[in-house]
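Encoded as structure tokens, the structure appears first; notes follow it.
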Amino acid sequence: MSIAENIAQIREQIAAAARRAGRNPADITLMAVSKTFPVESIRDAYAAGLRVFGENRVQEFAGKANALRDLPDAEWHLIGHLQTNKAAKATELFDAVDSVDSVRMAEKLNAFAESAGKTLSVLIEINVGGEQAKNGVAPGSEELEQILRGGPRWGNLKIHGLMTVPPYTEDPEGSRPYFRQLRQIRDSIAARELPKIGTSVLSMGMSHDFEVAIEEGATCVRVGTAIFGERAKA
Ligand SMILES: *Cc1c(COP(=O)(O)O)cnc(C)c1O
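Our numbering numbers the first residue of the sequence shown as 121 and each following residue consecutively.
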């Protein structure tokens with residue numbers, strides 16, 4: 121199937137999952153995760169109507185960004201782990217960093233965004249599964265608390281909500297408790313009405329489990345393989 125056909129099918133699945141959950145499909149953003157795929161594939165997804173793209177490595181996207189400058193209404197999100205020494209480059213290339221998981225990173229991004237005269241959208245990445253190898257700040261941790269209190273200090277960041285990558289299970293139902301946990305964390309943060317901490321975005325769900333994520337409240341699903349095909353193994 122072509123990229124356009126894949127996207128059409130995913131849109132139907134998104135609509136069906138939204139209906140099951142009594143939600144409006146228009147409230148769910150389909151992010152195309154284009155890591156490892158060439159500019160031509162990104163253009164195909166753009167032509168099929170997608171406007172939000174996710175890349176997980178700063179260096180890789182630096183090599184593609186120039187060839188994509190003519191797509192002004194496309195939104196570029198960094199969804200992978202960011203090293204502090206790439207924070208300046210990331211600020212320059214991306215509209216959004218969805219993987220902020222420390223005060224230190226927020227400080228850096230804010231400083232670079234300020235010098236660049238731009239506002240960076242960010243999500244706080246939460247490690248719901250508590251896996252050692254995964255990025256993200258631990259639920260209930262002091263680090264998370266410090267991020268949540270930092271909002272007013274970071275005038276060039278706009279915090280919109282939370283992101284997570286749960287532990288992988290073959291059965292998409294295995295992700296459900298983690299998605300539910302992220303929604304509950306979001307709800308408890310929202311209830312505190314913290315200054316400059318937006319909670320409208322829940323970025324969760326990938327190719328194999330995005331329908332479950334939508335049933336649990338995802339407002340953004342990050343889909344790579346189901347749009348572009350299998351990635352070459354590194
Ligand atoms: C690669 C990646 C995705 C997309 O994964 P697929 O299984 O290919 O849909 C989503 N989120 C993050 C953070 C990723 O790194």
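Where a beta carbon is used, it is the ideal one built from N, C-alpha and C, also for glycine.
The residue from 256, 242, 164 with its alpha-carbon nearest to that of residue 276 is 242. Non-local beta-carbon contacts of residue 185 in its own chain, meaning distances under 8 Å to residues more than five positions away in sequence, involve 196, 213 in chain order. Of the other Cβ atoms in all chains shown, 16 or more fall within 10 Å of the Cβ of residue 164; this residue is therefore buried. Between residue 128 and residue 334, the gap from beta carbon to beta carbon reaches 8 Å or more. Residue 204: not part of any alpha helix (DSSP H); DSSP gives it neither H nor E. Taking residue 155 as the centre and dropping the five residues before and after it, the same chain places the C-beta of 175, 176 closer than 6 Å to its C-beta, in chain order. When secondary structure is reduced to three states using DSSP, residue 211 falls in the helix class. With three or more CB-CB distances shorter than 8 Å, the region 215 to 230 counts as touching the region 261 to 281.
Runs of the alpha helix (DSSP H) lying entirely within the region 144 to 201, each at least 4 residues long, are 159 to 167, 178 to 185 in chain order. Secondary structure of residue 332 (DSSP, three-state): helix. The closest heavy atom of ligand 1 lies 7 Å or more from the beta carbon of residue 197.
Secondary structure in the region 256 to 322: the alpha helix (DSSP H) runs of 4 residues or longer, each lying completely within the stretch, are 262 to 270, 296 to 312 in chain order. The bridge partners DSSP lists for residue 242 are 217, 279. Of the residues assessed, residue 331 falls on the buried side of the cut-off, its CB having 16 or more other CB atoms within 10 angstroms. Shortest Cα-Cα distance from residue 273 to any of 328, 315, 125, 187 involves 315. Remark: the shortest separation between the CB of residue 328 and any heavy atom of ligand 1 falls under 7 Å. Residue 339 sits away from residue 327, with the two beta carbons spaced by 8 Å or more. A Cβ-Cβ contact shorter than 8 Å links residue 233 with residue 211.
The Cβ atoms of residue 246 and residue 282 sit closer than 8 Å to each other. Inter-residue distance for residue 218 and residue 200 is about 8 Å (C-alpha atoms, whole angstroms).
Leaving aside the five residues that flank residue 181 on each side, the residues in its chain whose CB is nearer than 8 Å to its CB run, in chain order, 175, 196, 198, 213, 214.
DSSP, reduced to helix, strand and coil, places residue 343 within a strand of the structure shown.
Using a cutoff of 7 Å, the CB of residue 131 does not count as near ligand 1, since none of the ligand's heavy atoms is closer than that.
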